[in-house]
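> Note that the numbering used here has the sequence shown beginning at 1, numbered continuously upward. The structure that follows is given in the form of structure tokens.
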Amino acid sequence: MTLTPPPQRPARSAGRELKEKGLFEAARSVFAEEGFKGATTAEIARRAGVPKANLHYYFPTKEALYRAVTEEILSDWLAAASSFDENDDPKQAISTYVAAKMDLARADPLGSRIWASEILRGAPVIKDFLETTLAEWLASREAIMRRWIAAGKIRSLEPRYFFYMIWATTQHYADFEDQIKALNGGAPLSDEQFQKAKAQAIDAILNGVMP
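What follows is the structure in structure tokens.
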């Protein structure tokens, strides 16, 4: 199956890349805190330390910036599943994918929260991503898992629900970070705690799928 890749932006100068990076970081922070409706380009520009006019030079509208941010989030998430393309051993492919998603949740919690917020309001801005890029990506991974099932490499299951479970488990560590802190004595998970959580998630998921 040929996948529809995330939209590609044209090549940019190093200076523009740096400016956009600063805007992206500020935009992620504001969109995660305020949501799309509550966020303003004035606040994003303020946090990025640039005039509002500069922001609109790179991104003419708030929606254009929001779409660019969500495209980047989706691109990172899809890249995390490259193990399914590179490894025909389901145990290794699934372990690597779950570990990568857990690491992304910890490294980029704002991205996960932006995505969750968008979905909760009906995905009005990214519905086309869901119906094309993400749907095609999921269908291709379902096909891989069905081949593993037919070959007796994993148990018979519905691959789509399997991915839903992985997403729910891994993104919990970003979307519910404050709840985790509250239940951990007010502190985020230490590196040791996070590694244990990741190992346990991988072990539980593998135990549910391996024959």
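Virtual Cβ for every residue (Gly too), placed ideally from N, Cα, C.
Please state the DSSP three-state secondary structure of residue 50.
coil
> Taking residue 99 as the reference, which of 205, 175, 210 has the closest Cα?
205
> Am I right that residue 36 and residue 58 are in contact with their C-beta atoms under 8 Å? What's the rounded C-beta distance?
Actually they do not touch by this definition, with Cβ atoms about 18 Å apart.
> So for residue 267, helix, strand or coil by DSSP?
Residue 267 is absent from the structure shown; the chain starts at 1 and stops at 211.
> If you reduce the DSSP assignment to three classes, tell me which class residue 210 lands in.
Coil.
> What's the call for residue 156, buried or exposed, on a 16-neighbour Cβ count within 10 Å?
exposed
> Ends of the alpha helix (DSSP H) at residue 61?
Careful: residue 61 lies outside any alpha helix (DSSP H) and carries neither H nor E.
> Do residue 110 and residue 48 have their CB atoms nearer than 7 Å?
Using a Cβ distance threshold of 7 Å, residue 110 and residue 48 do not count as a contacting pair.
> From the DSSP output, in three-state form, read off residue 153 for me.
coil
> Between residue 144 and residue 84, how many whole angstroms is the CB-CB distance? I'm expecting something under 8 Å.
About 5 Å separates the beta carbons of residue 144 and residue 84, which is inside the 8 Å limit, making them a contact pair.
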